[in-house]
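**Q** Mind the numbering: the sequence shown is residues 13 to 418 in our numbering, read in order.
Every residue gets a Cβ at the ideal spot worked out from N, C-alpha and C, and that includes glycine.
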Amino acid sequence: MRREPAIESIGIDTWAVDYGLLRDDALLAEPFHYRDARTARGVEAVHARIPFGDLYARNGLQFLAFTSLYQLAADERAADADTLLLVPDLLAHRLTGARVAERTNASTTGLLGVRDREWDQELAERIGIRPALMPPLIDPGARIGRLLPDVAARIGADLTVVAVGSHDTASAVAAAPLASRSTAYISCGTWGLVGLELTEPVLTEAARTAGFTHELGVDGRIRFLHNVTGLWLLSETVRAWEGEDGTPIDLSELLDAAATVPPDVPLFDANDPSLSSPGDMPARIAAALRATGTEPPSARAPFVRMIVESIAQAFADAVSTASALTGIAVETIDLIGGGSLNRLLCQATADRTGLPVLAGPVEATALGNLLVQARAAGVFGDDATLEELRRLVRRTHPPTRWAPRG
Ligand code: LRH
Numbered sequence: 013m014r015r016e017p018a019i020e021s022i023g024i025d026t027w028a029v030d031y032g033l034l035r036d037d038a039l040l041a042e043p044f045h046y047r048d049a050r051t052a053r054g055v056e057a058v059h060a061r062i063p064f065g066d067l068y069a070r071n072g073l074q075f076l077a078f079t080s081l082y083q084l085a086a087d088e089r090a091a092d093a094d095t096l097l098l099v100p101d102l103l104a105h106r107l108t109g110a111r112v113a114e115r116t117n118a119s120t121t122g123l124l125g126v127r128d129r130e131w132d133q134e135l136a137e138r139i140g141i142r143p144a145l146m147p148p149l150i151d152p153g154a155r156i157g158r159l160l161p162d163v164a165a166r167i168g169a170d171l172t173v174v175a176v177g178s179h180d181t182a183s184a185v186a187a188a189p190l191a192s193r194s195t196a197y198i199s200c201g202t203w204g205l206v207g208l209e210l211t212e213p214v215l216t217e218a219a220r221t222a223g224f225t226h227e228l229g230v231d232g233r234i235r236f237l238h239n240v241t242g243l244w245l246l247s248e249t250v251r252a253w254e255g256e257d258g259t260p261i262d263l264s265e266l267l268d269a270a271a272t273v274p275p276d277v278p279l280f281d282a283n284d285p286s287l288s289s290p291g292d293m294p295a296r297i298a299a300a301l302r303a304t305g306t307e308p309p310s311a312r313a314p315f316v317r318m319i320v321e322s323i324a325q326a327f328a329d330a331v332s333t334a335s336a337l338t339g340i341a342v343e344t345i346d347l348i349g350g351g352s353l354n355r356l357l358c359q360a361t362a363d364r365t366g367l368p369v370l371a372g373p374v375e376a377t378a379l380g381n382l383l384v385q386a387r388a389a390g391v392f393g394d395d396a397t398l399e400e401l402r403r404l405v406r407r408t409h410p411p412t413r414w415a416p417r418g
């Protein structure tokens, strides 16, 4: 075990929407993962009580079948619970005993009001969720609590857990350099979260039908974005191929081979819902393509090229929709997260958007988490703005620039 006496605090972020249910501080069961097939069952139940249009006006979220409120509506265990905690809050509870709901992640549950940013108790009751399950809301920068004595004794340090943008994408966007309001971001890993940072919601019918969501960011910003199925398509494909012949695949070699393939490969809809669950991804992509009358490439390199180009096209569509919905003429794109290391994807995104792509930081989520903790610890003065934090990111993490070709 390593000791780090200089560590002052812990900040926790994870993916969104998933939760644990507690009774008397104990988990009732292991949390489900949002790609579990069960999540879709709640959709009909919720929409029978409140039509999607009314829901959007209240919570501002794009339709995703795994949003927590649909999961909860299909969760029999909720009846026995006294508390619901999203995954980062659940971890914080294990470390400190505190029961809180950090607001950026709470905004992904569907149960937070898009305008007042408070729990929508009336909505919860209407769909059969007891409002008493939902703990008090706190904002990034707030102190959650000290480590429980037994935890502190086990790791040999008495630390404070501080709230950060506990939704990983909120932390990532906090560390997106965003040099101006005409910079769009793509937070790219398993998902590609594509959008703009706003201060006011855009609750139009056009935004609703285009599937644009309003998630909350650090310092009360709005992450107006669309969830694009990102590198999940590639990682699931590689996993399937590895399962076929039992040999591990070197991803960078595969991408290098794909880079030599001409870019005029066929495209499929990266957002096709049939591609969101785990399982034989190459076969499902091939089926989605055949349904449009196109034969998929049979060799691996062009198949990978097709995946990358299809993701880039979905990114380009989302950037231009974000621009049309907000009236902001996008001039550059910050592509942050693990996907920023994928050179083929960065170039394809620049080419298909016709805009320069500034790639990096790769560890944007960790950086955003750290910056909010550092600000809370007084490192920059309590009132350092998000823009000041981002200036620091720009200075310390110069991006790689990908110019559009042709
Ligand atoms: C990315 C992410 C995304 C959510 C999904 C559940 O990790 O948090 O922002 O939509 O996972």
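Taking only the alpha-carbon atoms, compute the straight-line gap between ARG138 and ARG302 and give it to the nearest angstrom.
**A** 42 Å
**Q** Compare the Cα-Cα distances from GLY418 to each of ASP363, ALA334, ALA282, THR26 and report the closest residue.
**A** Per the Cα distances, ASP363.
**Q** Under a three-way DSSP split, which group does HIS105 fall into?
**A** helix
**Q** So is the beta-carbon of HIS238 under 8 Å away from any non-hydrogen atom of the ligand LRH?
**A** For the ligand LRH, not one heavy atom lies less than 8 Å from the Cβ of HIS238.
**Q** Pull every residue with its beta-carbon under 7 Å away from any heavy atom of the ligand LRH, and keep them in chain order.
**A** TRP27, ALA28, VAL29, TYR46, LEU76, PHE78, THR120, HIS179, ASP180, THR181, GLY201, THR202, TRP203, LEU205, ASN239
**Q** Determine whether the beta carbon atoms of ALA93 and LEU33 lie at a separation below 9 Å.
**A** Contact: yes.
**Q** Pick out whichever of GLY122, THR79, VAL342 has its Cα sitting closest to the Cα of GLY72.
**A** GLY122
**Q** Within the same chain, show all residues whose beta-carbon is closer than 7 Å to that of ARG70, passing over the 5 residues directly before and after it, in chain order.
**A** GLY125, VAL126, ASP132, LEU135
**Q** For the segment 271 to 358, list the beta strand (DSSP E) runs that are entirely contained and at least 3 residues long, ordered along the chain.
**A** 344 to 348
**Q** Alpha carbon to alpha carbon, how far is THR361 from PRO275? Give it in angstroms, no decimals.
**A** 12 Å
**Q** Run through the DSSP bridge pairs and tell me what VAL206 is partnered with.
**A** ILE198, HIS238
**Q** Give the secondary structure of GLY32 by DSSP, where H, G and I count as helix, E and B as strand, and everything else as coil.
**A** strand
**Q** Let me know if VAL405 comes out buried or exposed under the rule of 16 or more other beta-carbons within 10 Å of its beta-carbon.
**A** buried
**Q** List the whole-angstrom C-beta distance separating ALA196 from VAL331, where the pair is believed to meet the contact cut-off of C-beta under 8 Å.
**A** For ALA196 against VAL331, the beta-carbon gap comes to about 5 Å, under 8 Å, which counts as contact.
**Q** Run through DSSP, which three-state label would VAL163 get?
**A** Reduced to three states, the DSSP call for VAL163 is helix.
**Q** So, is ASP66 buried or exposed, given that buried needs 16 or more other C-beta atoms within 10 angstroms?
**A** Exposed is the call here.
**Q** Cα separation between PRO294 and THR249?
**A** 5 Å
**Q** In chain order, what residues of the same chain have a beta carbon less than 6 Å from the beta carbon of GLY23, not counting five sequence neighbours either side?
**A** VAL174, VAL176, ASN381, GLN385
**Q** Using 10 angstroms around the beta-carbon of VAL391, count the other beta-carbons present and answer buried if the total reaches 16, otherwise exposed.
**A** exposed
**Q** According to the neighbour-count rule (16 or more other Cβ atoms, all chains shown, within 10 Å of its Cβ), is SER80 buried or exposed?
**A** buried
**Q** On the CB-based measure, 16 or more other CB atoms within 10 Å of its CB, does LEU100 come out buried or exposed?
**A** Looking at the sequence shown, residue 100 is not Leu but Pro. Flag for PRO100 reads buried.
**Q** State the CB to CB distance for the pair THR116 and ALA182, rounded to an integer number of angstroms; the pair is presumed to be in contact (CB under 8 Å).
**A** So it is a contact: roughly 4 Å between Cβ atoms.
**Q** So, helix, strand or coil for VAL250, using DSSP?
**A** Three-state DSSP puts VAL250 in a helix.
**Q** Would you mind stating whether LEU367 and THR344 have Cβ atoms separated by less than 9 Å?
**A** Yes. Within cutoff.
**Q** Using CA coordinates, which residue listed in ARG89, ILE19, TRP27, SER264 is at the minimum distance from GLU42?
**A** ARG89
**Q** Tell me where the alpha helix (DSSP H) around LEU98 begins and ends.
**A** Not the alpha helix (DSSP H): LEU98 falls in the beta strand (DSSP E), residues 95 to 98.
**Q** Mark THR241 as exposed unless 16 or more other C-beta atoms lie within 10 angstroms of its C-beta, in which case mark it buried.
**A** buried
**Q** Count the other C-beta atoms from every protein chain shown that fall within 10 angstroms of the C-beta of ASP329, then say buried if there are 16 or more, exposed otherwise.
**A** The residue is buried, with at least 16 neighbouring Cβ atoms inside 10 Å.
**Q** Which class does GLY157 belong to by DSSP, given the choice of helix, strand or coil?
**A** The answer is strand: DSSP assigns GLY157 an E or B state.
**Q** Counting only the same chain and skipping the five closest in sequence on each side, list residues whose C-beta sits under 6 Å from that of VAL55.
**A** Excluding residues up to 5 positions away in sequence, ALA77, TYR82 lie with their Cβ nearer than 6 Å to the Cβ of VAL55 in the same chain.
**Q** Is the segment 371 to 378 in contact with the segment 395 to 412, if contact means three or more CB pairs nearer than 8 Å?
**A** yes
**Q** Would you decide whether MET13 is buried or exposed? Buried here means 16 or more other CB atoms lie within 10 Å of its CB.
**A** Low confidence applies here, because MET13 scores a pLDDT of 47, under 50, leaving its location unreliable and the question unanswered by this model.
**Q** Count the other CB atoms within 10 Å of the CB of HIS45; is the residue buried (16 or more) or exposed (fewer)?
**A** exposed
**Q** Between the alpha carbons of ASP262 and SER247, how many angstroms are there, rounded?
**A** Taking the CA atoms as reference points, ASP262 sits about 12 Å from SER247.
**Q** What are the boundary residues of the alpha helix (DSSP H) that includes ALA169?
**A** Careful: ALA169 lies outside any alpha helix (DSSP H) and carries neither H nor E.
**Q** One question on the structure: do ALA86 and ARG50 come within less than 9 Å of each other, judged by their Cβ atoms?
**A** yes
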